[in-house]
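A.B. asks: Residue numbers (my numbering): 9 to 218.
Every residue, glycine too, gets a C-beta built ideally from N, C-alpha and C.
Just so we're clear, the structure is a prediction, and the values are computed from it rather than from any experiment.
If you scroll down you'll find the structure; I have some questions about it.
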């Protein structure tokens with residue numbers, strides 16, 4: 009009985025280990041794409057805007073199909089309006105990715121500015137246990153917002169691509185760490201399972217001998 013169980017456990021462990029290996033490979037691809045994007049930020053900005061535009065188009069088409077399926081309900085016209093807005097925004101972003109990048113860069117700069125101001129004011133007013141960290145985060149966000157706005161609209165050529173590439177790099181490194189850590193855990197657990205199966209088999213054999 010221990011033999012088939014042992015083989016099945018080994019096969020499952022190999023499958024899980026292979027899955028973690030594919031996860032690590034995906035992380036390597038994402039990290040490499042992030043590094044390339046950090047070198048060629050202009051290309052990364054254009055690529056990210058085109059991807060964003062196509063996602064808006066696909067979301068608009070899917071939303072329109074859902075709205076057609078729900079016709080006769082109170083959500084029909086709301087779904088049609090949202091789908092039409094997504095379709096229109098997708099067309100604009102794809103046709104004019106440079107203008108869309110300028111608008112998103114301005115929006116990102118304003119977010120950094122407002123977030124930085126709120127964190128600075130909140131840290132000075134509350135003065136909690138994480139006062140220094142919150143103060144540093146607020147100052148950092150405020151500084152980024154000011155720098156982006158100071159270089160706008162020329163900063164729109166690289167800001168979105170830089171953020172997009174950094175996100176790819178961080179996600180890729182996280183997947184690599186998860187994949188390598190998962191394979192190590194599987195390799196550590198597998199010998200223990202073999203030992204337990206061997207002990208169970210030996211115990212059953214001793215009982216049959218007795």
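Go through its chain and collect everything with a Cβ distance to residue 185's Cβ below 8 Å, but skip five positions before and after it.
C.D. replies: Stepping through the chain shown from its first residue, residue 185 is reached at position 177. Cβ within range, chain order: 35.
A.B. asks: Is the segment 125 to 138 touching the segment 86 to 100 in the sense that three or more CB pairs, one from each, lie closer than 8 Å?
C.D. replies: Touching, no.
A.B. asks: Closest by CA to residue 105, which one among 168, 180, 37 and 196?
C.D. replies: The count along the chain shown starts at 1 and reaches residue 105 at position 97. Cα-wise, what sits closest to residue 105 is 168.
A.B. asks: Hey, would you say residue 146 sits closer than 8 Å to residue 120, going by beta carbons?
C.D. replies: Translated into the one-based positions of the chain shown, residue 146 becomes position 138. Translated into the one-based positions of the chain shown, residue 120 becomes position 112. For residue 146 and residue 120, no; Cβs fall outside 8 Å.
A.B. asks: Kindly indicate which residue of 71, 98 and 97 has the alpha-carbon position closest to the one of residue 85.
C.D. replies: As a first step, residue 85 must be located in the chain shown, where it is residue number 77. When only C-alpha atoms are compared, the closest one is 71.
A.B. asks: Short of 7 Å in beta carbon distance, which residues of its chain neighbour residue 82, apart from the five on each side in sequence? Order them along the chain.
C.D. replies: Along the chain shown, read from residue 1 onward, the residue named residue 82 stands at position 74. Closer than 7 Å at Cβ, skipping near neighbours: no residue.
A.B. asks: The alpha helix (DSSP H) spanning residue 149 covers which residue range?
C.D. replies: Along the chain shown, read from residue 1 onward, the residue named residue 149 stands at position 141. That run of the alpha helix (DSSP H) goes 139 to 158.
A.B. asks: Is the CB-CB distance between residue 50 and residue 165 below 8 Å?
C.D. replies: As a working mapping, residue 50 is identified with position 42 in the chain shown. As a working mapping, residue 165 is identified with position 157 in the chain shown. Yes, the Cβ-Cβ distance between residue 50 and residue 165 is below 8 Å.
A.B. asks: Could you give the distance in angstroms between the alpha-carbon of residue 155 and the alpha-carbon of residue 162?
C.D. replies: The residue you call residue 155 lines up with position 147 of the chain shown. The residue you call residue 162 lines up with position 154 of the chain shown. Answer to the nearest angstrom: the Cα atoms are 12 Å apart.
A.B. asks: Got a sec? Which residues, its chain only, sit under 6 Å from residue 190 by beta carbon, not counting five neighbours each side?
C.D. replies: Residue mapping note: residue 190 aligns to position 182 of the chain shown, counting from 1. Excluding residues within five positions, the ones whose Cβ falls inside 6 Å are 28.
A.B. asks: Report back the beta-carbon spacing between residue 38 and residue 180 to the nearest angstrom; my notes put them in contact at under 8 Å.
C.D. replies: What you label residue 38 is simply residue 30 of the chain shown in a count that begins at 1. What you label residue 180 is simply residue 172 of the chain shown in a count that begins at 1. Contact flag correct, Cβ pair sits at about 3 Å.
A.B. asks: Classify residue 83 as helix, strand or coil using the three-state DSSP reduction.
C.D. replies: Your numbering for residue 83 matches position 75 in the chain shown. Coil, per DSSP.
A.B. asks: Which of the three DSSP states is assigned to residue 27 in this structure?
C.D. replies: On the chain shown, residue 27 is found 19 positions in, with the first residue counted as 1. If DSSP states are grouped into helix, strand and coil, residue 27 belongs with the helices.
A.B. asks: Going by C-alpha distance, which of 44, 53 and 174 is nearest residue 109?
C.D. replies: Your numbering for residue 109 matches position 101 in the chain shown. Out of 44, 53 and 174, 53 has the C-alpha closest to the C-alpha of residue 109.
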